[in-house]
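K.L.:
Line by line, the protein sequences are chains Y and F.
Under the working numbering, the first residue of the first sequence carries the number 417, and numbering increases by one thereafter.
Under the working numbering, the first residue of the second sequence carries the number 373, and numbering increases by one thereafter.
Virtual Cβ for every residue (Gly too), placed ideally from N, Cα, C.
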Amino acid sequence: MKECVIKANELTKVYKLLAEEIYAVCDVNLEIAEGDFIAIMGPSGSGKTTLLDSLGCLTTITSGSLNILGKDVSQAKESILVSMRRESLGFVFQDFLLIPTLTAIENVQLPLLFARLPQQARLARGLLERVGLGKRINHLPKELSGGEKQRVAIARALINSPKILFADEPTGNLDTKNSEDIFGLLADLNKKENLTVILTTHNPKFGLRAARVIYLKDGRIVSREDSSLCF
Amino acid sequence: MKIISVAYKNLKRKKIRTALTVGGVAVAVAVLVSLFGFDAGYQNGLNKDIDKLGYHLLVTAKGCPYEAATLMLQGGGGLRYMDDAVYKRIIQDKRIDKITPQLVSSVYNQEGGPQNRGSFALYMGIEKSYIELKPWSKFKTGGWFSGPDADEAIMGYEAAELEQRLVDDEILIPGINEVLTVKGIFQRTGTQDDGIIFIPLAIAQRIFNLPGKLTGIGIKLKNIQQIGEFEESLYNEPGIQVVSLAQVRGTILNLVASARAMANSIALIAIFIAVIGVTNTILMSVFERTREIGVMKALGASALDIFKVIWTETVLICVFGGLFGVVLASGGSALVEKVIRHSLPYAPSGKLVLIKPEFLLVAFFATVAMGLIAGAYPALRASLMKPVEAIRAGE
Chain Y
417 MKECVIKANE LTKVYKLLAE EIYAVCDVNL EIAEGDFIAI MGPSGSGKTT
467 LLDSLGCLTT ITSGSLNILG KDVSQAKESI LVSMRRESLG FVFQDFLLIP
517 TLTAIENVQL PLLFARLPQQ ARLARGLLER VGLGKRINHL PKELSGGEKQ
567 RVAIARALIN SPKILFADEP TGNLDTKNSE DIFGLLADLN KKENLTVILT
617 THNPKFGLRA ARVIYLKDGR IVSREDSSLC F
Chain F
373 MKIISVAYKN LKRKKIRTAL TVGGVAVAVA VLVSLFGFDA GYQNGLNKDI
423 DKLGYHLLVT AKGCPYEAAT LMLQGGGGLR YMDDAVYKRI IQDKRIDKIT
473 PQLVSSVYNQ EGGPQNRGSF ALYMGIEKSY IELKPWSKFK TGGWFSGPDA
523 DEAIMGYEAA ELEQRLVDDE ILIPGINEVL TVKGIFQRTG TQDDGIIFIP
573 LAIAQRIFNL PGKLTGIGIK LKNIQQIGEF EESLYNEPGI QVVSLAQVRG
623 TILNLVASAR AMANSIALIA IFIAVIGVTN TILMSVFERT REIGVMKALG
673 ASALDIFKVI WTETVLICVF GGLFGVVLAS GGSALVEKVI RHSLPYAPSG
723 KLVLIKPEFL LVAFFATVAM GLIAGAYPAL RASLMKPVEA IRAGE
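1) Hey, is residue 768(F)'s beta-carbon within less than 7 Å of any beta-carbon in chain Y?
2) Starting from residue 690(F), follow the beta strand (DSSP E) in both directions and report where the run begins and ends.
3) Do the CB positions of residue 495(F) and residue 477(F) come within less than 7 Å of each other?
4) On the DSSP bridge assignment, give the partners of residue 514(F) in chain order.
5) So, for residue 425(Y): in the same chain, excluding its five sequence neighbours on each side, which residues have a beta-carbon less than 7 Å away from its beta-carbon?
6) Quick one: grab the DSSP three-state call for residue 587(F).
7) Let me see if you follow: with CB-CB separation under 7 Å, is residue 627(Y) close to chain F or not?
8) Which word fits residue 647(Y), buried or exposed, when buried means at least 16 other C-beta atoms lie within 10 angstroms of its C-beta?
9) Which residues of chain Y have a Cβ atom closer than 9 Å to the Cβ of residue 391(F), listed in chain order?
10) Quick check: is the beta carbon of residue 680(F) nearer than 7 Å to any beta carbon in chain Y?
11) Which residues, in order along the segment 428-459 of chain Y, keep a beta-carbon less than 7 Å from a beta-carbon of chain F?
12) Tell me whether the segment 563-578 of chain F and the segment 523-538 of chain F touch, counting them as touching only if at least three CB pairs, one residue from each stretch, are closer than 8 Å.
13) Less than 7 Å between the C-beta atoms of residue 561(F) and residue 524(F), yes or no?
14) Bridge partners for residue 572(F) per DSSP, in chain order?
15) Relative to the C-alpha of residue 593(Y), which candidate in 576(Y), 563(Y), 452(Y) has its C-alpha closest?
16) Here's the rule: buried if 16 or more other CB atoms are within 10 angstroms of the residue's CB, otherwise exposed. What is residue 388(F)?
17) Could you list which residues in chain Y have their beta carbon closer than 7 Å to that of residue 641(F), in chain order?
18) Which residues in the same chain as residue 687(F) place their Cβ atom closer than 8 Å to its Cβ, once the five residues preceding and following it in sequence are excluded?
19) Is any beta-carbon of chain F found at less than 7 Å from that of residue 531(Y)?
20) Reducing DSSP to helix, strand and coil, say where residue 592(F) ends up.
21) Give a yes or no on contact between the segment 495-506 of chain F and the segment 579-593 of chain F, applying the rule of three or more CB pairs nearer than 8 Å.
22) Can you list the residues of chain Y that residue 656(F) reaches, using a CB-CB cut of under 9 Å?
23) How would you write the range of the beta strand (DSSP E) that residue 480(F) sits in, first residue to last?
24) Could you tell me which of 515(Y), 528(Y), 587(Y), 531(Y) sits nearest to residue 555(Y), measuring between CA atoms?
25) Taking contact to mean at least 3 C-beta pairs separated by less than 8 Å, is the segment 585-592 of chain Y in contact with the segment 497-513 of chain Y?
26) Taking the DSSP output, what are the residues bridged to residue 428(Y)?
27) Using a C-beta to C-beta distance shorter than 7 Å, which residues of chain F count as neighbours of residue 536(Y)?
28) At 8 Å on the CB atoms, spell out the chain Y contacts of residue 387(F), in chain order.
29) Just to confirm my understanding: we take residue 515(F), look at its own chain, exclude 5 residues before and 5 after, and list those with CB closer than 8 Å. What are they?
30) Output the boundary residues of the beta strand (DSSP E) element that contains residue 440(Y).
31) Is the segment 417-427 of chain F in contact with the segment 750-767 of chain F, if contact means three or more CB pairs nearer than 8 Å?
32) Would residue 670(F) pass as an interface residue toward chain Y - the criterion being a Cβ-Cβ separation below 7 Å?
33) Hey, does residue 664(F) have any beta-carbon neighbour from chain Y nearer than 7 Å?
34) Bridge partners for residue 623(Y) per DSSP, in chain order?
35) Residue 428(Y) and residue 465(Y) - do their beta-carbons sit closer together than 7 Å?
36) Using a Cβ-Cβ distance cut-off of 7 Å, determine whether residue 394(F) contacts chain Y.
Laid out in structure tokens, this is it:
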């Protein structure tokens with residue numbers, strides 16, 4: 417029996433732009449089980465990233481309810497969201513967003529600093545080896561290729577042993593070869609380590625390879641292809 | 373890895389900007405330390421100068437108290453004169469321990485050697501009692517005048533150096549055509565006496581054509597507590613004024629107080645500008661790193677963590693600025709002293725800018741405190757950023 421890690425009910429996120437209210441995500445109902453591999457797809461402006469940010473506790477929702485790993489975070493204080501991000505969630509971004517002044521291994525260790533955990537160089541090195549960068553640990557981001565940067569970002573997202581990994585267009589800035597590699601790496605983590613992976617992508621090829629695909633349009637789920645369920 | 377190393381590495385990212393900001397802080401600290409040093413050095417030097425006068429009171433002809441203060445400390449010329457009858461009356465007072473009459477005159481040297489041409493030479497007519505009031509004055513070579521009417525001179529250490537004179541040399545008083553024989557040269561005292569040429573009082577009165585005249589009378593009382601009542605007893609004496617050591621000290625300090633207030637204002641402005649500079653630098657850095665701050669928050673950094681990173685950067689700038697500032701102040705004190713000495717009408721002898729360790733410590737910790745204040749706003753601003761908005765900024 418798979419544990420339900422995310423449960424969203426009528427999840428709505430509204431942005432205010434001057435006097436206008438923009439419904440970036442509207443009435444989304446969603447359940448994601450442990451070990452799921454979800455691809456959120458849809459045209460630009462459909463609300464993919466906003467949904468990912470909401471599920472990833474990077475922002476609060478406007479209405480509805482959201483339960484992550486058994487905690488109701490619908491109207492949670494920032495401190496609760498911080499501890500969720502710190503202890504249970506990992507993030508990978510399209511632009512990698514590594515800290516340019518820190519080496520690869522320091523970037524990977526950074527979340528441990530915020531979690532007040534000992535700086536486990538061996539663990540960080542092991543993760544960099546796991547993503548194929550064992551020999552580049554002391555390189556600065558500017559000395560790495562796009563694919564290598566994204567691998568560092570993945571290692572960084574894994575350092576706090578997250579239950580769920582969120583990846584926003586992780587292959588969006590990569591060439592075909594690197595895109596395949598990164599997607600393969602995420603799929604591998606999902607398969608071998610039962611890590612729940614939720615990613616957004618424009619690439620239908622990757623969407624089709626995910627266990628579940630959620631299609632968004634104008635902030636609403638318009639179709640979903642489920643291959644796993646919460647029990 | 374610690375927060376301090378994250379902050380330090382970020383400061384290294386824009387080396388020139390960081391260096392300029394650190395430089396601004398360093399200059400502000402150096403100005404502050406120099407001002408503290410000037411304050412202490414000036415008072416210290418003044419106190420020493422006054423103590424080395426050897427007397428408690430100076431009686432001068434009635435006139436400007438500032439002029440009298442200058443006379444007392446520098447032996448300036450162009451003064452009012454009093455009759456030596458005053459001296460003869462005052463000397464009767466039994467409260468007096470020692471008393472010495474003086475006649476000061478300056479002579480412009482149109483000729484002379486390359487070192488002293490175009491300068492003023494200061495002559496002081498004295499009696500043996502002058503040196504009795506200053507037991508620390510020792511002869512480097514030679515000795516006292518052979519008699520009260522001898523055409524002889526005793527040169528202060530610097531006056532002899534300047535004119536390259538030795539004992540038994542002859543000196544010509546320019547414009548007066550009087551020749552005096554150097555009878556002795558004093559050791560260096562570190563006071564204005566070093567630059568004076570002393571001659572017997574009677575000779576001074578004759579060659580400067582001021583018979584029976586004096587510019588001042590130095591008095592040391594048996595009991596210093598009696599200064600007040602002694603001064604009062606001289607109020608009936610016409611045409612004179614009495615200047616006490618305390619008055620001289622107060623007069624000189626009043627003279628420099630306004631300059632000091634101005635300098636303090638400049639120091640405050642320098643510090644304020646440095647604070648604004650630090651705030652501006654860190655704020656720019658925060659804006660440039662908006663996305664990085666967002667990512668740190670996504671990786672689990674709390675508002676306090678971000679605040680600490682940014683605040684640490686500010687404190688580091690101020691610590692480095694403070695350290696460079698104290699080094700600059702210590703190393704540059706000689707230059708500052710030279711500039712101040714050049715610009716002041718009267719500067720006491722000895723070290724004018726006295727850098728004490730406590731000044732360096734106060735300035736250093738004040739700078740760190742300044743850093744804490746300067747960094748608070750940028751740090752707060754960064755800490756309050758929402759992760760999503762920060763990450764998506766500039767996309």
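P.N.:
Let's see:
1) Absent from the structure is residue 768(F), since the part of chain F shown begins at 373 and ends at 767.
2) Here residue 690(F) belongs to no beta strand (DSSP E); instead the alpha helix (DSSP H) covers 675-715.
3) Yes, Cβ-Cβ distance for residue 495(F) and residue 477(F) is below 7 Å.
4) Secondary-structure assignment with DSSP links residue 514(F) through a beta bridge to 556(F).
5) Taken in chain order, the residues that qualify are 445, 480, 481.
6) Note: residue 587(F) maps to coil in three-state DSSP.
7) For residue 627(Y), not one C-beta of chain F is nearer than 7 Å to its own C-beta.
8) Its pLDDT being 32, under 50, residue 647(Y) is placed unreliably in this model, and the coordinates cannot settle the point.
9) For a Cβ distance threshold of 9 Å, nothing in chain Y lies close to residue 391(F): the least Cβ distance comes to about 16 Å.
10) For residue 680(F), the answer is no, since every Cβ of chain Y falls outside 7 Å of its Cβ.
11) Hits within the stretch: zero.
12) Per the Cβ contact rule, the segment 563-578 of chain F is in contact with the segment 523-538 of chain F (3 or more Cβ pairs under 8 Å).
13) It is not a contact, given that the beta carbons lie outside the stated cut-off.
14) BP columns for residue 572(F) point to 498(F).
15) Checked all of 576(Y), 563(Y), 452(Y); the closest Cα to residue 593(Y) is 563(Y).
16) Burial call: exposed.
17) Residue 641(F) does not reach chain Y, its nearest Cβ partner there being about 34 Å away, counting only Cβ pairs nearer than 7 Å.
18) So the qualifying residues of the chain are 740, 743, 744, 747.
19) Among the residues facing chain F, residue 531(Y) is included, as its CB has a counterpart in that chain under 7 Å away.
20) Looking at residue 592(F) - three-state DSSP - the assignment turns out to be strand.
21) The segment 495-506 of chain F makes contact with the segment 579-593 of chain F: 3 or more CB pairs, one atom from each, lie closer than 8 Å.
22) Simply none; closest approach about 16 Å.
23) The continuous beta strand (DSSP E) containing residue 480(F) extends over residues 468-481.
24) Taking only the C-alpha atoms, the option nearest residue 555(Y) is 515(Y).
25) With a cut-off of 8 Å, the segment 497-513 of chain Y and the segment 585-592 of chain Y count as touching, because enough Cβ pairs lie within range.
26) In DSSP, residue 428(Y) forms a bridge with 479(Y).
27) In chain order: nothing, as chain F lies at least about 11 Å away.
28) What residue 387(F) touches in chain Y: nothing, since even the nearest Cβ is about 12 Å away.
29) Excluding residues up to 5 positions away in sequence, 555, 556 lie with their Cβ nearer than 8 Å to the Cβ of residue 515(F) in the same chain.
30) Where residue 440(Y) is concerned, the enclosing beta strand (DSSP E) stretches over 436-449.
31) Verdict: no, contact absent.
32) At a cut-off of 7 Å between beta-carbon atoms, residue 670(F) makes contact with chain Y.
33) By this cut-off, residue 664(F) is an interface position.
34) Bridge partners of residue 623(Y): none, in fact.
35) Not a contact, by the Cβ cut-off of 7 Å.
36) So no, residue 394(F) is outside the interface.
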